[in-house]
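Before any comments, here is the structure.
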Ligand SMILES: CC(C)(COP(=O)(O)OP(=O)(O)OC[C@H]1O[C@@H](n2cnc3c(N)ncnc32)[C@H](O)[C@@H]1OP(=O)(O)O)[C@@H](O)C(=O)NCCC(=O)NCCS
């Protein structure tokens, strides 16, 4: 048995319709087509997509970061609702953290709904800590955002930490995605 192909890759124009569909499914339409095209073209943005293992035209996940001075701002993270809780969110977050490390960034940050306990637990697994709260940040609901930071991306031990996480995530994915 072998692990079926789960390969993060940069967004390309041919996947824009699928990205918009996944965005609609997970966020009700957070970013527009033009927004995704801008991300694709910006050298300061990394937008990773995760095609479905058996159908490269279908998308099951995406994640994006902006590189701003020495910080990685994680702006979007999504896994198809039918495939959540199998380790794919970890795979995507790890891909973004590796990209941030390759870019030589020092720390990563993001905002998350205070009620999004699943996402918060995911970020905490990778060393993110709550550093503050933006009151009423989400206008539609008035909900607060938590601000989370992960420091130490530039520390020498972070590279081996990434390796350790990748092994653990690979093991986790094997149990769900063996052919
Ligand atoms: C947040 C999201 C990306 C997580 O993706 P996922 O593939 O389900 O996450 P994983 O399977 O890799 O989970 C990794 C860990 O995160 C935590 N976690 C993830 N979802 C959770 C949930 N619903 N409840 C509790 N913990 C959860 C757990 O610690 C989990 O590890 P475990 O399964 O060994 O306990 C996904 O739920 C999603 O797309 N949600 C909708 C969009 C969204 O909220 N994005 C984040 C915006 S900031």
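Numbering (the numbering used here), first residue to last: 902 to 1080. Even glycine gets a Cβ: it sits at the ideal position worked out from N, Cα and C.
Exercise for the section: Please state whether DSSP places residue 992 in a helix, a strand or coil. Expected result: helix
Problem - Three-state class that DSSP yields for residue 920 in the structure shown - result: helix
Exercise for the section: Please list, in chain order, all residues of the same chain as residue 1011 whose beta carbon is under 6 Å from its beta carbon, the five residues on each side excluded. Expected result: 975, 1049
Practice task
Taking only the alpha-carbon atoms, compute the straight-line gap between residue 965 and residue 1020 and give it to the nearest angstrom.
Solution key: 15 Å
Exercise for the section: Please check if any C-beta of chain C sits within less than 8 Å of the C-beta of residue 1077. Expected result: Absence of chain C from the displayed structure is noted, only one protein chain being present.
Problem - Those residues which DSSP pairs with residue 937 across a bridge - result: Note: residue 937 sits in no beta bridge, so no partner.
Handout entry: Distance, residue 959 Cα to residue 985 Cα
Key = 16 Å
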